[in-house]
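Quick notes on the structure that follows.
4 protein chains.
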Amino acid sequence: MRLVMIGLGRMGGNMARRLMKAGHEIVAFDRDAQAVEKLVADGAIAASSVDDARVRAGSPAIWWVMLPHGEITDGMVDQIAAGGSAGDVVIDGGNSFYKDDIRRAKALAEKGMHYVDVGTSGGVWGLERGYCMMIGGPKDVVQDLDPIFAALAPGMGNIPRTVGRKDGTDPRAENGYIHAGPAGAGHFVKMVHNGIEYGLMQAYAEGFDILKGKASEKLPEDQRYDIDLADVAEVWRRGSVISSWLLDLTADALTADGKLEKFSGNVADSGEGQWTIEAAMEEAVPANVLTTALFARYRSRVEHTFGEKVLSAMRFGFGGHVEMPQ
Amino acid sequence: MRLVMIGLGRMGGNMARRLMKAGHEIVAFDRDAQAVEKLVADGAIAASSVDDARVRAGSPAIWWVMLPHGEITDGMVDQIAAGGSAGDVVIDGGNSFYKDDIRRAKALAEKGMHYVDVGTSGGVWGLERGYCMMIGGPKDVVQDLDPIFAALAPGMGNIPRTVGRKDGTDPRAENGYIHAGPAGAGHFVKMVHNGIEYGLMQAYAEGFDILKGKASEKLPEDQRYDIDLADVAEVWRRGSVISSWLLDLTADALTADGKLEKFSGNVADSGEGQWTIEAAMEEAVPANVLTTALFARYRSRVEHTFGEKVLSAMRFGFGGHVEMPQ
Amino acid sequence: MRLVMIGLGRMGGNMARRLMKAGHEIVAFDRDAQAVEKLVADGAIAASSVDDARVRAGSPAIWWVMLPHGEITDGMVDQIAAGGSAGDVVIDGGNSFYKDDIRRAKALAEKGMHYVDVGTSGGVWGLERGYCMMIGGPKDVVQDLDPIFAALAPGMGNIPRTVGRKDGTDPRAENGYIHAGPAGAGHFVKMVHNGIEYGLMQAYAEGFDILKGKASEKLPEDQRYDIDLADVAEVWRRGSVISSWLLDLTADALTADGKLEKFSGNVADSGEGQWTIEAAMEEAVPANVLTTALFARYRSRVEHTFGEKVLSAMRFGFGGHVEMPQ
Amino acid sequence: MRLVMIGLGRMGGNMARRLMKAGHEIVAFDRDAQAVEKLVADGAIAASSVDDARVRAGSPAIWWVMLPHGEITDGMVDQIAAGGSAGDVVIDGGNSFYKDDIRRAKALAEKGMHYVDVGTSGGVWGLERGYCMMIGGPKDVVQDLDPIFAALAPGMGNIPRTVGRKDGTDPRAENGYIHAGPAGAGHFVKMVHNGIEYGLMQAYAEGFDILKGKASEKLPEDQRYDIDLADVAEVWRRGSVISSWLLDLTADALTADGKLEKFSGNVADSGEGQWTIEAAMEEAVPANVLTTALFARYRSRVEHTFGEKVLSAMRFGFGGHVEMPQ
């Protein structure tokens, strides 16, 4: 199939390459002309503008937009839609908020155009390993795009099969992509994925914190342990219940430096963690772990909260706190 | 009644004074001879040592120990017990761990001595307002000490009566003291009191943090408010659902300086918060608010946790985090 | 002043009565004609419709809308605006979301009309005690309405003055109302107030849970206490650090029935708790206590979460969990 | 080497078998004579009692105790110690509390005996895959036992090597076992492992809860998704950041029944989760995720907490809650 790729950063560029390897044709556009040139060197068709891309796109045009979420993606979708024709498909492969997808899908549907949202996990290894994808959009449109998704996905590989998974069920999940539902469903599932990711990361972080703190001189001497954290991460990778890819990464980092001294500990968050909590609240689902994991990141980025000063001020107020009973 | 007061700090000294005002006799001992002298000036009988106090104590001797919890109190109870006689009473008015009370009560019972634990709230205002007390120990012993507790307690004052509280029920609670149960029960109730206190304080702290953060320039301009926090605390004191003594203290502090600049925000915790969580876990009671309030204090006292560095290291590991999808 | 009161439920009706007592004139409208009649009996001017109210409102018309938040209030504001004139003032005294206030204020401003949002605490006792109010809107408009706010507010009463509060500062806070900022600021402060309220309530709830659980037969016999919870609540009201109005209510309830058997424990939440968390996330403020308090309510309303079944399924999966090490 | 295995349940029995396969000799004892017979059929030497085992143990005797933690293990260690000789080694392979290890190691050291604690992960798959082990005890004793640990461990297998792991460093971690430190360190690391496990499980549980709740009819119709959870678990296993063994188990369960109807959702916890939180508190490490994961299990096992009734009672108290503003 022929597909216009808009946004040739690390993700978009590598996806285009993986698609071309599988025999698809890529019309490539990026504001950065050098990024376009590089991809042309790998076999892509250059486009000098969105309008130029449209000319080369074929009919119906299939657009894969791979830009930072929010206003930039919105602007591009609008621009594509402005010159689009019925039957064209716009795929947003970035990290959009799923409610933006719903809005965009409605706007495009008024022109007979289709909108498909794709949440992607797999990061920088995707070119080689393939991209795990969660897809939202109209059933038949997603079906028509299957050759594209199949080419991007990792495939079954050598990951052991899930117990009870039968032949004859939808094979896409086992190949690393799913059609999650209508507009927004793909990004919604990817959003929850990232929410979970925050929780998993924080669980490991707290555990290693407790291991490290066990060397504290404030503890009784026979209860102090100076534990080799790299070795712990390593041994947990090997047959334990908590082995995971995130633990593998932790083992890499601790093996390089058991004190992690090059890291500040100011931890950013992208929007997905927050959106996940908003979704939980809209459903009245208690999500304590995912929330507290997000808040730990907020707290990591300031020296002190104002709230902590309020606590100090109250303690000063009831005064006796330096004495015995409060 | 005659009572030996051991430990004449701000709490012990003022309790002794309040007891003397009510007509009780105080034998006063402290390692700091000046503290003894001061209290003698207010009418107490000086004791130069524990043994000296014993001579002056009368029979049975009643000892009120008002020392920092832990080993110091343990040592004093042992010392008193070593020379004590059947029928003597040792009252621990400090912040002991209730399991220590249980242990001490058993040890004293072997000698026919009695042990009473008293958790006290009221801090530095107690001399004037009286002390709110939670008492553990044998029923008849606590009853015999009633004149002492009645003198220390605030009494009914002008606090409106609880709806449905009937005459004829145990009047002690309305007068500001209760017999909570056998050995340790007094300190247990006081411990939970302090656990709740942490939770309440953190709730206010987070609320004021959110109010203050609303001035942030990262928010859309029409959603930014530069709110006068002292005025907010003030107005909430006046007829709102969340009025409380802790809010009164917050209003004091914010009125003095709305930015609380003299406070660092490094917030200490005494043992009670931790013990409360241990008790919750022993009972399998979920205590999320009390726990997270305690943990906020831990976090306030370090620049960064090691766990935050682990998070940064993982994020670095999956690499694509500076790009779009993770 | 003359003011149209729309919505004569328990809150609106009593506010109207308090205003009339202070000499203000009320034009009263409610869909329920009986509610109008009742207020007319107390001195109000009846209005049979919004248009009828407009005729009797005077100029500029001042409208106090006291309806459930959301679409109903939106509809009423639209209806008032449709027939309104420059200079008219619409006051929303309900529990609107502050971003709705911002939107409405902009819409009214296009017609030269003013919008004022008032968050109110004080509930059913307000008629007698007065209403604690947090006000958002243009400075001069709020100033012009001062006679109304002053009449509704509790006034200084016999609540002790905050330490350091000086004569000559804005006296409104001490009288129980504040001008918090531009459109939405009143409801924003009230929203955070309710968020804090959830946190405070949960702190007490957890504490009493731990006290009650201490009677469990699973604990060692000498560590079991059968604590009289009504007495505990009572004694904490009297001189302790955690005395508050919410504790007073708890004492009332526990005095009536120490087991609280008439309560199911399915705890509702209104929108403010959720909005508070959203605000915290927009500001990147960690709000663990307020969030977990909200989530405890979600959890209280279901028999089991699906997540708990997922946990059970995983435990079944790694199988050894009924045996020794996992 | 020759080793006495005490406790031939699923774990102890399979460990003995794995050791015999590697050429070690097992003296087998269990209160259940049938369990002994089974292992004898696989090549073990039968022991009819602890004393009988001692006779057959060789010198120095090496005892591997694989019993439920707490009093039962304590009793067995005492019994072994009572008849033991200097140089004998007692290995506790169960889930003991690390402070019990410290105590036991001291008691045994007085007789010249050695104590080694081994935390084991790997559960029912261990016979085939090997056991991931965390070991505490004296360095030379642990070194002398290396042939045993090497035989039990999974070995390097086909798990990719951690980046930066160099030849020449301690090879044990890569083979699936570590010497974590002195007495108790093995069980301490295993305890934290289980604490993390709770956190990871809860993160997935909350995520799937949010996905499932997205079908709720309370949501706007275009924001409802009826997501196939088995497919989601499957696709996340394939190249996503959150792939893990726990996710594999979740995929198994959801593939069998996407509604998990056979599970009640009453989730047990063993002691390790609680001990992990106690350790965190002793170190003043904030461990919000691990704690809230534990508390979610507590909450799952009761219909309602008493705390929830306290909340309901307060809400009833301020009364206006069914009306508008509180």
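If you read the sequences in order, they're chains A, B, C and D.
First residue of the first sequence: 207, per our numbering; consecutive thereafter.
First residue of the second sequence: 207, per our numbering; consecutive thereafter.
First residue of the third sequence: 207, per our numbering; consecutive thereafter.
First residue of the fourth sequence: 207, per our numbering; consecutive thereafter.
We treat Cβ as the ideally placed atom computed from N, Cα and C, and that holds for glycine.
Unbroken stretches of the alpha helix (DSSP H), 4 residues or longer, contained in the region 349 to 404 of chain D:
352 to 358 and 378 to 381
Indicate whether residue 256 of chain D and residue 299 of chain D have their beta-carbon atoms separated by less than 8 Å.
no
Compute the Euclidean distance between the alpha carbons of residue 526 of chain B and residue 242 of chain A, then round it to the nearest angstrom.
Residue placement at residue 526 of chain B is poorly supported in this model, since its pLDDT is 45, which falls under 50; the coordinates still yield a value, given next. The alpha-carbon atoms of residue 526 of chain B and residue 242 of chain A are separated by roughly 20 Å.
Contact defined as beta carbons within less than 8 Å: I believe residue 395 of chain C pairs with residue 438 of chain B. What is the distance between those atoms, to the nearest angstrom?
6 Å
According to the Cβ coordinates, are residue 340 of chain C and residue 363 of chain C closer than 8 Å?
no
Candidates B/249, B/461 and B/208: which alpha carbon is nearest residue 173 of chain C's?
The requested residue 173 of chain C does not occur in the structure, where chain C is confined to residues 207 to 532.
Kindly list, in the order they appear in chain A, the residues whose Cβ is closer than 9 Å to that of residue 514 of chain B.
411, 415, 469, 470, 471, 472, 473, 502, 503, 505 and 506
For residue 207 of chain A, which three-state DSSP category applies?
Residue 207 of chain A carries a coil assignment under DSSP once its states are collapsed to helix, strand and coil.
Whose Cβ in chain C lies nearer than 9 Å to the Cβ of residue 523 of chain D?
Result: 452, 454, 455, 456, 458 and 459.
Please list, in chain order, the chain A residues whose beta carbon lies closer than 9 Å to that of residue 381 of chain B.
Per Cβ cutoff of 9 Å: no residues; residue 381 of chain B is ~19 Å from chain A at best.
Pick from B/458, B/430, B/354 and B/507 that is closest to residue 211 of chain B, judged by C-alpha positions
B/354
Can you give me the start and stop residues for the alpha helix (DSSP H) that residue 307 of chain C sits inside?
304 to 315
In this structure, does DSSP put residue 411 of chain A in helix, strand or coil?
Residue state for residue 411 of chain A is assigned as helix, using DSSP reduced to three classes.
So, residue 420 of chain D versus residue 433 of chain D, is the Cβ gap smaller than 8 Å?
Yes, these two residues count as a Cβ contact at 8 Å.
CB contact below 8 Å: residue 487 of chain C versus chain A:
Taking a beta-carbon distance threshold of 8 Å, residue 487 of chain C counts as an interface residue toward chain A.
Where does residue 520 of chain A fall in DSSP's three states?
helix
Counting only C-beta atoms, is residue 483 of chain D closer than 8 Å to chain B at any point?
Chain B contact via Cβ: present.
Going by the DSSP bridge assignment, what does residue 321 of chain D pair with across the sheet?
D/296
For residue 416 of chain C, which option in B/412, B/494 and B/258 has the closest C-alpha, if you only look at C-alpha atoms?
B/494
On the DSSP letters alone, give me the boundaries of the alpha helix (DSSP H) that residue 535 of chain B sits inside.
Outside the shown range of chain B, which is 207 to 532, sits residue 535 of chain B, and nothing can be said about it.
Compare the C-beta of residue 366 of chain C with all C-beta atoms of chain A and state if any pair is closer than 8 Å.
It does not; no Cβ of chain A falls within 8 Å.
Who pairs with residue 259 of chain C in a beta bridge, going by DSSP?
According to DSSP, residue 259 of chain C bridges with nothing at all.
For the alpha helix (DSSP H) holding residue 270 of chain A, just list the boundary residues, first then last.
Premise fails: residue 270 of chain A lies in the beta strand (DSSP E), 268 to 271, not in any alpha helix (DSSP H).
So what's residue 216 of chain A in DSSP terms, helix, strand or just coil?
helix
Determine the chain D residues that contact residue 220 of chain C at a beta-carbon separation under 9 Å, and present them in chain order.
Within chain D, no residue comes near residue 220 of chain C; the closest Cβ sits about 10 Å away, beyond 9 Å.
Could you check the C-alpha separation between residue 226 of chain A and residue 334 of chain A for me, to the nearest Å?
13 Å
Does residue 512 of chain A come out as helix, strand or coil in the three-state DSSP assignment?
Assigned with DSSP and collapsed to three states, residue 512 of chain A falls in helix.
So who's on the other strand from residue 461 of chain C, going by DSSP bridges?
BP columns for residue 461 of chain C are empty, so no partner.
Residues of the region 339 to 365 of chain A with Cβ closer than 7 Å to any Cβ of chain D, in chain order
So the close ones are 340, 360 and 365.
Return the CA-CA distance between residue 223 of chain D and residue 295 of chain D, expressed in angstroms with no decimal places.
20 Å
Going along the chain, which residues of its own chain have a beta-carbon closer than 7 Å to the beta-carbon of residue 410 of chain A, five neighbours each way excluded?
452, 453 and 456
Quick check on DSSP: helix, strand or coil for residue 231 of chain D?
strand
Verify the CB distance criterion: does residue 480 of chain D have a CB-CB separation below 8 Å to chain B?
With its beta carbon less than 8 Å from one in chain B, residue 480 of chain D belongs to the interface.
Nearest-angstrom Cα distance between residue 228 of chain C and residue 405 of chain B?
The alpha-carbon atoms of residue 228 of chain C and residue 405 of chain B are separated by roughly 40 Å.
Give the interface partners of residue 491 of chain C over in chain A, defined as CB-CB distance under 8 Å, in chain order.
504, 511 and 513
Less than 7 Å between C-beta atoms, sequence neighbours within five positions excluded: which residues of the same chain meet that for residue 390 of chain B?
304, 305, 307, 308, 323 and 342
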